[in-house]
Amino acid sequence: MMNKEQISSVAIKQISLLAIILVLTGLVCFNLALFIPSVLGAITIYVVCRKYNFYLQDERKWKPSLAAFALMFASLIVLILPIYFIADLIIDKLGNAQAYMAKFNVFLDKIHSYIYEKVGFDILSRENMTKLKDAVGRFSTSALSGTFNTLTVIMSMYFILYFMLEKPRLFERILTSSAPLKRSNISLIGDKMRKLIMANAIGIPVVAVGQGIVSFIGYLIFGAPGAVLLFALTAAASVIPVVGTAIIYVPVCIFMIAEGNTAQGLGLAIYCVVVVGLTDNLLRFTLLKKLENIHPLNTVFGIIMGMNLFGFMGLIFGPILISFTLLLIQIYRNEFSDENTPPDLELPNEPDLENKLI
């Protein structure tokens, strides 16, 4: 008779198979890590274009290859080029690192001297100033080197995306059959991921570009130095919760006041607080609320992690990965726990996989 404390042969086989799968998956991810941003980008664009892809292929009777190329071109114009333009504009302005750092140091020293003169307290100590200058120098150098891979990532992303869009049902069938979960949980993951991706792929760029354009108008009106670069920096800073665009326009306003342009500096400050702030609230409480409400902490830590892993594309992928990790924890509890399903995980008895999946 088998000892009750002895591990069954079925459990041993299951654990061994899982160990082999994990090892092989780790090897694949390690050796193909360069293409992870491309895969994530392809999945993101697929989710955004999924409804239109089925419409073109099923209702309009387009050839799958023609529908795929049409949606790839549209996504390139609408989604990729605005983000790439902002990133490339920043890098192009920062391309001459030595000249840029000289100007940045003058800009920072001017702000520091003005604050110290008016307040009488060394808020920005010499040590902190040195650390800040070094950090900006390292960031500009790494950002510059990172953009050299952008074209490669975009090309490989669209290569993967073509096969997803050409045979969407095959792609989705592979995903659903490979997931070792209940059909209800697969449906839940698809629905949640669709909302998260739409919120990040559409919401974040729209808010960034909207705030960037509004702030750019203010920079031109009040004569801020380097309005085009400030537009790109403001748009990029808008993704940071709580502080957001203030990281850019507050130092600029102080610098203008320190230069003797007090009226322009104060006018720009009022404009940014009122108009840019109103634009941010308007976009977030209309557009983003309709997509998916992402917790600010998810965005903060997601951006930090995403930028380290994927560069500029991490602005979108980082928050998605954080939210997806939390979702998997909920799925695990729903899949294996004997407790009742939490209210936010309750699903219909017969979910429509065609409509819910991703």
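In case it helps, my numbering puts the sequence shown at residues 262 to 619.
A virtual CB, placed ideally from N, CA and C, is assigned to each residue, including glycine.
Buried or exposed by the 16-neighbour rule on C-beta atoms within 10 Å, applied to residue i
i       : result
Ala-358 : Interpretation of Ala-358 is limited by its pLDDT of 46, a score under 50 that renders its predicted location unreliable; the figure taken from the coordinates is listed afterwards. So Ala-358 ends up on the exposed side.
Arg-434 : exposed
Cys-310 : buried
Cys-290 : exposed
Ile-447 : buried
Met-418 : buried
Phe-334 : exposed
Pro-441 : exposed
Tyr-307 : buried
Leu-529 : buried
Gly-464 : buried
Val-284 : exposed
Thr-624 : Since the first residue shown for the chain is 262 and the last is 619, residue 624 is missing from the structure and cannot be characterised.
Val-504 : exposed
DSSP state of residue i mapped onto helix, strand, coil
i       : result
Lys-456 : helix
Ile-268 : coil
Pro-466 : helix
Ile-273 : helix
Arg-321 : coil
Glu-615 : With a pLDDT of only 46 at Glu-615, under the threshold of 50, the placement of this residue in the model should not be trusted; the figure read from the coordinates follows. Here Glu-615 sits in helix by DSSP.
Leu-543 : helix
Leu-293 : coil
Ala-280 : helix
Ala-485 : coil
Asn-357 : Interpretation of Asn-357 is limited by its pLDDT of 49, a score under 50 that renders its predicted location unreliable; the figure taken from the coordinates is listed afterwards. Coil, per DSSP.
Presumed contact (8 Å Cβ cut-off) between residue i and residue j, rounded CB distance
i       : j       : result
Ala-496 : Gln-525 : Between Gln-525 and Ala-496 the Cβ distance is about 22 Å, and since that is not below 8 Å, they are no contact.
Glu-427 : Ser-326 : 6 Å
Val-534 : Ser-499 : So it is not a contact: roughly 14 Å between Cβ atoms.
Ile-478 : Leu-588 : Contact doesn't hold; Cβ gap of about 39 Å is too wide.
Val-414 : Pro-512 : About 32 Å; that fails the 8 Å criterion.
Met-454 : Phe-585 : 7 Å
Ile-421 : Ala-303 : 4 Å
Asn-314 : Leu-332 : 6 Å
Asn-559 : Ile-583 : 5 Å
Val-229 : Thr-540 : Limits of the chain in this structure are 262 at one end and 619 at the other, which puts residue 229 out of reach.
Ala-485 : Met-517 : 7 Å
Thr-305 : Ala-462 : 5 Å
What ranges does the alpha helix (DSSP H) occupy inside the stretch 494-540, keeping only unbroken runs of at least 4 residues that lie completely in it?
507-519 and 523-532
Whether or not the stretch 449-459 and the stretch 484-495 are in contact is what I'm after, with contact meaning three or more pairs of Cβ atoms, one per stretch, closer than 8 Å; do they touch?
no
Are the stretch 575-586 and the stretch 557-567 touching, with three or more C-beta to C-beta distances below 8 Å?
yes
Minimum length 4: unbroken alpha helix (DSSP H) runs contained in the stretch 407-455:
Runs found: 411-427 and 429-439.
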